[in-house]
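S.K.: Protein chains in written order, with the numbering used here: chain A, 340 to 439; chain B, 12 to 488; chain C, 68 to 754; chain D, 14 to 186; chain E, 119 to 648.
All C-beta atoms, glycine included, are put in the ideal place defined by N, C-alpha and C.
Keep in mind it's a predicted model, so treat the numbers as computed, not measured.
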Amino acid sequence: MVPLSYYLVLSAILFACGVAGFLIKRNIITIFLSIELMLNGVNLTFVAFAAQLKSLDGHIFVFFVMVVAAAEAAVGLAIIIAVFRTRETLNVDRVNLLKL
Amino acid sequence: MIPAVDYIRILPEVVLSVFGILIMIVEPLLPEQGPKKPLGVIAIIGSLAGLAATVYQTGSYGSAFYNTISVDTFSVFFHFVVLLIALVVILTSFEYLEVQNIRSGEYYGLILFGTVGMMLMSSAVELVLIFIALEISSISTYILAGMRRRAAESAESSLKYFLLGSFATAFFLYGVALVFGATGTTNVYGIASYLQGQPSTLAYLAVGLMFVGLGFKVASAPFHVWTPDVYEGSPAPVVALMSTGPKAAAFAVLLRVLFATGAPGWFWMVWVSAVLSMTLGNIGALVQQNVKRLLAYSSIAHAGYLLVAFAAAKQVGISAAIFYAASYAAMNVGAFAVVSHFASSGERYVTLDDYAGLGRRSPLLAAILTVFLLSLIGIPVTGGFFAKFYVFSAALQSNLIGLTIIGVINSAIAAYYYLRVIIFMYMRDERVDAPVARIPAGLGIGLAISLIATIYLGVLPGRVLDYAVQSAQALVK
Amino acid sequence: MHLWIIPVLPLAGAAINGLLGRRFPKALVNAVALGSTGASFAMALWVATQFAGLPPDQIPHIERYTTWLSAGPFSAEYGIYLDQLSVVMMLVVTGVGFVIHVYSVGYMEHEGGYYRYFSYLNIFMFFMLTLVLANNYLLMFVGWEGVGLASYLLIGFWFLKKSAADAGKKAFITNRVGDFGFLIALFLLIKHFGTLQYENLWKLVSLHPVESAGAGLLTAIGLLMLVGATGKSAQIPLYVWLPDAMEGPTPVSALIHAATMVTAGVYMVARSSPIFNRAPDAMLAVAIIGTLTAIFAASIGIVQTDIKKVLAYSTISQLGYMFMACGVADYVGGIFHLVTHAFFKGLLFLAAGSVIHGLGGEQDMRYMGGLRRYQPYTFWCMTAATFAIAGLPPFAGFFSKDRILWSAWSSGAPVLWVIGLITAGMTSFYMFRLWFLTFFGEYRGPNPATGGHGQDTDAQHAGRTGAIHDAQDAHATGGSHGHGAPHESPWVMVIPLIVLAFLSLTGGWIGIPHSLNGGDRFGHFLDPVFQAAAVQTPAAEAAVPPAEAPAEHEDASTELVFTAVSVAVAALGLLLAWWMYYKRPEIPERMARAAGRLYTFVLDKYRVDELYGAVIIQPLIALSSNVFWKGIDRGLIDGAVDGGAAGARETSDAMRQMQSGNIRSYAGWVAVGATAVIAFMVWRGLR
Amino acid sequence: MLALVLFFIFALLCVGGAINLLVQKHPINSALSLIVVMGSLALLYLLLGAEFVAAVQVIVYAGAVMVLFVFVIMLLNAGEEERLAHGSRVATMLGVPALIIGLGIAAALVSHLTGLDRIAIGGPTVMHGSDVFGNPQAVGHLLFRNYLLPFEVTSVLILVAIMGAVVLARREE
Amino acid sequence: MRFINDNILSIVVFLPLVGAILLAFFPRRDRDIRYFALAVSLITLLASLHLPWYFVRGDAGFQFDEDAPWIAHPNIHYHLGIDGISMWLVILTTFLMPLCVLISWKSIHERVKEFFILMLVLETAMIGVFVALDLFLFYFFWEATLIPMALIIGMFGHGRKIYAAVKFFLYTMIASVFMLAAILWLYARTGSFDFVTLQSAIQNGQVAGFGSAALWLFLGFFIAFAVKVPLFPVHTWLPDAHVEAPTAGSVLLAGVLLKMGTYGLLRFNLGLFPEQARRNAPWIIALAIIGIIYGALVAMIQPNIKRLVAYTSVSHLGFVVLGTFSFTQLGVDGAVYQMLNHGVSTGALFMLLGIIYDRRHTYDITEYAGLATPMPIYATFFAFIMLSSVGLPLLNGFVGEFLVLSGAFQAKQLYGILAATGVIWSACYLLWMYQRVFFGEVTNPANRSLRDLDGREKVSLWPTAIAAFVMGIAPMLWLHSIDPAVSAALRQFSAGTQVTATATGRAIRPESPHYPLEAGARAPAEVTGR
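Have a look at this one:
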């Protein structure tokens with residue numbers, strides 16, 4: 340039997356790692372991965388709460404999150420490709436034409 | 012089984028989706044090199060049909076699909092706003108697409124689908140649906156932002172918008188998750204019933220996180236940083252859309268999340284965010300040379316004014332916010348429409364220097380832009396004036412004197428940079444090398460609509476305001 | 068009696084000439100100008116006869132026409148107040164004014180802006196008449212300012228000449244300083260009596276006790292009025308404008324700066340006698356100012372070489388006499404001297420003008436002399452005037468001046484009398500000096516044969532002729548004067564001289580004192596005005612001797628003695644002048660050299676102008692331009708404003724650094740915001 | 014007891030994967046470590062009785078989506094990420110606040126959820142077949158009744174996504 | 119007739135706007151445009167003359183009242199009305215407008231259409247400010263004057279026109295937002311923007327929390343108006359705006375816009391917050407007096423004629439503020455009258471400066487000398503107007519100054535004395551300037567052959583000259599209607615200063631000979647009292 344808070348803390352840590360990844364990674368794709376990591380953290384929270392509340396809404400939500408994540412992945416990667424085409428780089432720090 | 016009336020309650024969305032699909036079917040049938048006008052026409056018809064559907068909808072208020080959406084004056088109001096925005100944007104895009112050669116099919120399709128998302132955002136009362144609708148509108152705008160595929164700026168702005176957007180979405184989602192945990196439901200009114208009495212710490216935290224997500228969408232400080240870059244890089248008509256449509260929708264969501272659920276403890280959060288947005292937005296705009304960027308900063312500031320109305324909370328505050336959203340949409344779409352026309356191919360002419368002497372080269376265009384700018388300043392006989400006026404009077408009615416003072420001073424400072432544009436247009440020696448094409452029909456109609464809207468809201472705001480008041484009541488029923 | 072016609076006639080003349088005159092031929096301009104003034108003179112005479120017929124209880128005769136302005140409780144109206152005093156003034160103004168108009172026809176014949184000149188002159192007549200006929204102080208103030216304007220315009224008539232323009236400006240502004248005092252006096256009256264109408268005011272003032280105890284409301288009012296008077300009547304300290312005012316055409320000097328306008332101050336004091344009678348301190352101040360001015364100006368007049376300057380200072384000094392008289396409550400004497408002075412000083416100026424005219428613009432006495440051969444009529448008229456001003460019997464000046472000296476003595480302030488006497492001596496000295504220098508000895512001017520000029524004459528001409536040429540519709544012959552021998556002036560100029568000469572001879576006879584077995588008809592005529600004003604309470608007796616005092620019989624013998632003394636003094640002056648400037652002409656130079664510094668100091672009019680310049684004007688300009696404008700306006704306020712704007716722009720620039728363009732940093736900001744929000748919400752939640 | 018052990022195993026796997034994602038230089042490694050995270054999450058889902066979700070997690074997420082990632086990484090043959098001087102100092106500094114967020118949330122939960130600590134979840138119930146509340150049948154039932162509209166709306170979302178992918182990724186002719 | 123009386127104000131306000139809209143559709147034939155604009159302004163003038171014609175003199179209340187609900191909530195009414203004070207300001211506006219059109223006939227030769235459209239729009243806004251009785255409506259028009267004026271300066275000005283325009287705009291804008299805040303506060307507490315309603319509500323103490331906020335509200339309004347007047351420390355926008363503005367702009371700016379400030383002070387600061395007004399009067403009066411002297415001194419040493427005249431405005435408007443805050447019948451009457459005078463004389467002065475600018479394109483005094491020789495008629499007009507602005511009796515300036523000063527003197531002798539030095543200063547700066555510009559030899563060859571006034575210019579100058587004269591000799595034509603309105607405005611101050619306070623209540627009988635005695639009958643008591 341596992342205390343709910345353990346799950347929540349775990350998901351929090353995952354989310355935090357995602358945020359950290361977004362901030363410190365330079366490769367666009369890796370950054371995108373960190374976002375996925377954040378989403379996973381959220382999902383865990385949903386599922387944990389669902390288990391606690393014995394309500395399936397959480398599961399449904401996770402399902403939709405996954406769908407959205409998939410869609411985002413498609414679009415996002417397309418965008419990354421487009422950027423790569425114009426800039427020939429995947430380093431975020433080089434993608435700063437627009438500033439100030 | 013699901014009653015028929017439920018379908019009426021999603022009729023506008025359905026209609027728009029149908030037209031969107033229609034466009035995608037028609038596009039390949041058109042000759043490769045031939046004019047893509049028909050698609051635009053379909054899109055226009057689509058949005059008009061959507062308007063008609065919305066009108067039809069007003070007959071049958073109520074919730075549908077197991078309380079996932081609720082059609083009330085509030086949502087209908089935003090339906091109208093969003094649809095009109097879409098209509099004007101489509102009209103504006105007519106020439107633009109050809110000038111920039113952007114693929115019309117996807118463009119119009121995405122606008123229509125995005126609009127569907129926005130409309131759903133305003134009518135959804137189930138966080139799942141809100142989330143998905145949000146994503147629809149966001150993703151379609153991400154793509155639209157990147158549609159000037161030859162321009163590195165366009166791609167970059169698209170990337171920035173996308174990455175940061177999903178980043179913020181994650182926060183929003185986390186908030187939702189915690190709400191779910193705290194209340195056991197994701198239905199707005201369900202949540203409301205749970206949040207009676209002493210809400211748990213979890214609820215506070217959840218509200219905070221959702222505010223982060225939505226604050227990003229409405230570009231309120233400190234979640235505004237993306238705005239200038241994205242607006243600068245994206246195609247002007249798309250900016251017209253994304254600076255008004257998703258924003259209005261996101262504000263609608265924010266209204267629902269904060270007020271319909273009776274969420275706790277957001278006041279100071281909103282207060283600070285409002286002050287920051289107004290100040291940072293206006294200060295930042297003071298020295299901008301690029302008109303799109305300038306308007307981006309101004310839109311941040313306007314988000315701030317809107318949040319002032321939020322802080323005012325009461326009925327008056329909500330209705331003021333709603334009215335503000337409407338009039339802001341009217342004037343901003345108009346302004347960007349002018350910008351997009353003047354930018355011409357490759358968006359070459361977007362700096363203030365390019366606007367020098369516009370008053371001589373194209374008096375009409377300049378005059379129209381002037382009206383929109385004056386409205387953004389908040390000069391009488393324009394919607395912007397009344398909008399600000401209501402917002403601040405609402406704030407004062409709930410005794411937010413400090414916030415009001417900060418607000419009015421900000422609006423006075425803001426006058427400077429809008430005035431700068433006017434000055435360049437009328438008081439600087441003209442630049443001959445920035446030609447102005449004659450105003451095409453589509454753009455003309457689009458401008459006319461937003462111009463009329465702006466003036467109408469400025470002279471006879473009575474009816475719209477009453478409607479806003481009703482919406483506010485409907486929201487917190 | 069429709070008195071309003073009297074002032075309005077000249078106004079009409081002015082309007083016609085001013086608006087249409089530039090297209091008129093000279094004759095028509097003359098007709099309009101002279102016609103209007105002549106008519107108003109005639110009307111004045113008729114009114115005087117009518118007035119004589121009025122029963123005492125209908126005096127003063129008041130005509131009120133309509134309200135001029137009214138605010139709340141206060142109101143002022145257009146109205147005319149006719150009593151003996153204003154009748155006298157009216158007659159003097161219209162009469163002398165008319166004569167001088169006639170003279171001007173000749174004098175200005177060759178000048179440009181002919182119509183302009185006459186319309187100005189008429190405007191002056193209008194305002195002067197308003198001043199003397201007004202039935203309330205506000206209307207008087209209208210005239211008061213108006214004559215100031217007229218004199219500004221006329222002094223600056225040759226506006227191409229910088230000195231002339233400067234003089235005009237100086238006159239106007241100096242007068243303004245005086246008017247400031249007058250205004251404050253009016254405000255005090257309004258505040259405490261609520262009205263400026265003479266008849267109401269006198270009633271209210273009469274309720275008022277005499278302020279023998281020292282300063283009080285009336286004293287304040289009186290002193291402030293005195294300030295006004297010193298401005299208009301060129302008394303210390305505001306006399307400085309009058310000498311410069313000689314830049315104007317000579318007839319103007321005669322009319323405005325000798326006969327009429329400058330006496331407005333005297334008239335005002337006399338008119339306000341009810342107030343002054345109750346403010347002994349104020350009266351004392353009047354007397355002192357007058358006396359000091361008299362001797363001060365006379366001392367300057369002794370050394371001046373410009374004929375008009377001499378006359379100017381003598382005017383100041385004579386006005387001093389009038390103030391002295393008023394100061395010792397002998398208003399009749401003051402007015403009497405005003406009248407006679409109008410005659411002989413007007414004449415002096417006109418005569419001087421005719422001399423100048425005859426010499427083609429020469430004003431420096433050192434280049435005159437022996438003119439009695441060239442200008443016999445002028446000479447004889449001048450003679451009459453000189454004797455009159457010197458106070459030698461039986462000329463007009465004798466009676467008035469003598470009366471003033473006597474009342475000065477009997478007012479119980481002998482020092483006034485002493486100073487007055489000395490001044491009388493000086494007066495006769497410098498007047499005869501002028502007389503001898505101008506008409507006796509040899510002609511020292513440029514030799515007709517060579518047609519050459521002295522240095523200053525050149526300067527003089529440069530100014531004048533230049534003026535004449537450039538003034539619009541300039542007259543070709545303008546510059547042609549000054550060449551050729553001195554000549555007598557045309558009849559149109561000579562006749563006025565003769566008229567005035569006659570008046571300066573006989574003018575005094577209307578006021579022969581009882582001591583000389585005269586009837587003092589003038590005194591009797593005016594007394595009612597001041598009787599009414601005089602204070603009945605015993606307390607006041609001490610302060611103000613009744614105007615009758617000089618005429619009381621036991622004093623008659625003493626009075627005779629004093630008369631003799633003053634005549635003697637005058638004669639002394641005559642002799643001295645004869646000895647110095649006729650018998651031994653070289654003496655003055657030696658004396659001047661002996662006096663050295665002192666002489667130049669006096670010659671430079673005690674450097675008062677320079678003093679004012681250094682103490683008031685320069686500092687003021689420096690202050691305004693360096694401190695106020697450059698310092699506060701530009702530096703402080705605008706600096707703050709522009710600085711604020713710049714500051715905002717810099718803030719903006721600094722803030723843009725937030726927009727590094729780097730996605731990660733943006734995410735960073737979002738994260739910061741989120742952190743803040745989370746921290747805040749957790750804290751809220753735990754509370 | 015067993016549940017607790019399992020939880021800790023997979024939890025550590027998750028965290029380890031996440032940390033690894035951060036520290037790895039090459040994106041491909043990061044991607045793989047993310048797959049590890051997802052896999053172990055799937056097991057945790059099972060532990061919580063969310064069979065359907067667990068399945069979808071493995072099939073859709075760890076499967077399809079991540080494959081897409083790996084594919085793109087290969088396509089663009091992204092190399093080691095290089096660190097630039099002009100990179101965002103702010104962001105690197107803010108890596109820390111990110112953790113603060115995490116700790117903040119954690120603290121909040123722990124402080125608040127003292128009650129929830131006692132609520133034990135998951136456990137042996139997992140193993141019994143069909144009556145588990147998270148089985149596909151139950152989910153499906155809910156999904157196609159109460160959440161019909163969102164489900165239908167996702168079609169629009171996916172349509173948009175497809176269009177986007179097409180319009181953006183297609184090579185300019 | 120009835121119909122006209124009920125709608126005359128709306129007609130007067132919106133005629134110019136209609137004209138402007140029509141003008142927008144005109145072909146760009148400058149000549150027609152000019153004539154049309156002239157016609158519109160003349161018609162407006164005629165229409166506005168209806169007001170004094172049918173104005174009921176004795177009645178101190180608002181007349182030609184129009185009140186229609188505009189917006190339900192917030193409860194905004196379209197409420198117009200005039201009293202003796204605002205009526206004349208309206209007339210002043212409509213009177214100056216045709217002259218402005220005439221004076222810019224030639225000097226504006228490009229973008230003529232825009233220019234006249236802006237002018238007409240501006241006219242509507244200005245008139246609106248004076249007739250609005252609903253605070254919202256007032257603010258509405260108030261803000262509406264801003265843009266046209268700024269554009270007129272910026273588009274048709276010269277030199278640092280943009281700096282001037284921006285400075286003008288921001289100064290006024292920033293100041294007026296404080297007024298907005300105050301208005302909103304009042305609305306939040308009373309639910310009404312109506313001036314009359316608010317006034318009575320405040321008087322009867324029905325406004326919750328008014329006591330604590332009163333000062334701030336007062337200041338809110340005051341700042342907005344003080345900048346517009348402009349009062350001493352915040353006057354620096356005026357010289358710049360004037361120097362760079364085109365002639366017509368300057369005329370309207372000095373003639374009307376500044377009056378909006380003083381009018382606001384009188385109507386709102388005194389009308390709504392009498393208590394605060396009295397409490398704050400001392401320092402405000404101090405500022406006014408500083409303005410009078412300071413403005414005059416700074417004007418005196420200006421090398422630029424137009425800047426000089428601009429500073430004289432600071433000085434003259436100081437008189438107005440002084441009179442207003444003396445709270446005495448004379449003072450306020452004078453203040454109102456002085457507004458009109460200043461409008462006429464300074465307006466005329468700016469027209470004259472414009473005329474010379476058209477010929478020589480410089481305002482630098484050193485460029486000019488001896489202009490009286492080539493341009494005698496011009497010089498005469500200039501002298502006349504100058505004298506009226508110096509305050510020569512029988513010309514308009516005197517009446518105003520005299521009333522203001524004596525009013526101030528009643529309030530506090532020191533005020534009167536200090537301010538009265540103004541009569542000296544005004545003589546100094548104007549005469550000095552006149553002498554430098556017009557007298558002496560023509561030194562600058564460029565001035566030798568200057569044209570004198572032509573017919574159009576004469577036509578545009580004569581009305582002002584005549585007005586100056588008539589206002590000087592027959593002020594009662596105006597005071598008859600001003601006086602009751604003022605006494606009504608001052609009724610709240612009846613506890614105030616001595617002589618007038620008792621008099622304000624009483625209906626005035628100007629031609630009654632004895633009542634000055636009544637006023638005076640109290641004199642001895644006071645004398646002993648002081």
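1. Return the chain-ordered list of same chain residues with a C-beta closer than 7 Å to the C-beta of LEU349/A, the five sequence neighbours on each side being excluded.
2. Within its chain, find whatever has a CB closer than 6 Å to the CB of ASP183/E; leave out the 5 residues flanking it on each side and keep chain order.
3. Counting only C-beta atoms, is GLU228/E closer than 8 Å to chain C at any point?
4. Here's a check: name, in chain order, each residue in its chain whose Cβ is nearer than 8 Å to the Cβ of TYR381/E, leaving out the five neighbours to either side.
5. At a cut-off of 7 Å, is ILE151/E close to the ligand FMN when judged by its beta-carbon and the heavy atoms of the ligand?
6. Which residues of the region 137–150 of chain C have a Cβ closer than 8 Å to any Cβ of chain E? Give them in chain order.
7. Check the Cβ of VAL82/B against every Cβ in chain D and list those closer than 7 Å, keeping chain order.
8. Expressed to the nearest angstrom, what Euclidean distance is found between the alpha-carbon atoms of VAL327/B and VAL283/B?
9. Would VAL333/C and CYS393/C qualify as a contact pair, given that the criterion is a beta-carbon distance under 8 Å?
10. Pull out every residue of the region 170–194 of chain B whose Cβ sits closer than 7 Å to any Cβ of chain C, in chain order.
11. Determine which residues of the region 42–55 of chain D have a Cβ less than 7 Å from any Cβ of chain A, and write them out in chain order.
12. For VAL415/B, go through chain E and note every residue whose CB falls closer than 8 Å to its CB, in chain order.
13. When DSSP labels each residue in this structure, what does PHE311/E get in the three-state scheme?
14. Quick check: is the beta carbon of ARG338/C nearer than 8 Å to any beta carbon in chain E?
15. Name, in chain order, the residues that DSSP records as bridge partners for GLN181/E.
16. Mind checking if MET237/E is an interface residue toward chain B, Cβ cutoff 8 Å exclusive?
M.R.: Reading from the atomic positions:
1. The sequence position of residue 349/A within the first sequence is 10, counting from 1. So the qualifying residues of the chain are LEU383.
2. As a first step, residue 183/E must be located in the fifth sequence, where it is residue number 65. Here the set comprises GLY199.
3. Counting from one through the fifth sequence, the residue named residue 228/E turns up at place 110. Chain C, which has no Cβ nearer than 8 Å to the Cβ of GLU228/E, makes this no.
4. Residue 381/E sits at position 263 when you count from the first residue of the fifth sequence. Correct list, in chain order: ILE203, SER204, LEU207, VAL247, PHE248, MET457.
5. This structure does not include the ligand FMN; it has no bound ligands of any sort.
6. Legend: CB atoms of the region 137–150 of chain C lying less than 8 Å from CB atoms of chain E belong to residues SER137, ALA138, GLY139, PRO140, PHE141, SER142, GLU144.
7. By one-based count along the second sequence, residue 82/B stands at place 71. Chain D residues near VAL82/B: none, gap ~13 Å exceeds 7 Å.
8. For the purposes of this step, residue 327/B is taken as residue 316 along the second sequence, with counting starting at 1. For the purposes of this step, residue 283/B is taken as residue 272 along the second sequence, with counting starting at 1. The alpha-carbon atoms of VAL327/B and VAL283/B are separated by roughly 20 Å.
9. Translated into positions along the third sequence, residue 333/C becomes position 266. Translated into positions along the third sequence, residue 393/C becomes position 326. Pairing VAL333/C with CYS393/C gives a Cβ-Cβ distance under 8 Å.
10. Here the close residues are LYS171, LEU174, LEU175, PHE178, ALA179, PHE182.
11. If the cut-off is 7 Å between Cβ atoms, the region 42–55 of chain D has SER43, ALA44, LEU47, VAL50, MET51, LEU54 near chain A.
12. Along the second sequence, read from residue 1 onward, the residue named residue 415/B stands at position 404. Sequence inspection shows Thr at residue 415/B; the Val mentioned does not correspond to that position. Scanning chain E for C-beta atoms nearer than 8 Å to the C-beta of THR415/B yields ALA299, LEU302, reported in chain order.
13. Taking the fifth sequence and counting its residues from 1, the one referred to as residue 311/E is at position 193. In the displayed model, PHE311/E falls within coil according to three-state DSSP, outside both helix and strand.
14. Position 271 of the third sequence holds residue 338/C. False, the Cβ-Cβ gap to chain E never drops below 8 Å.
15. Taking the fifth sequence and counting its residues from 1, the one referred to as residue 181/E is at position 63. Per the DSSP secondary-structure output, GLN181/E pairs in a beta bridge with ILE200/E.
16. Taking the fifth sequence and counting its residues from 1, one reaches residue 237/E at position 119. Chain B places no beta carbon closer than 8 Å to that of MET237/E, leaving this residue out of the contacts.
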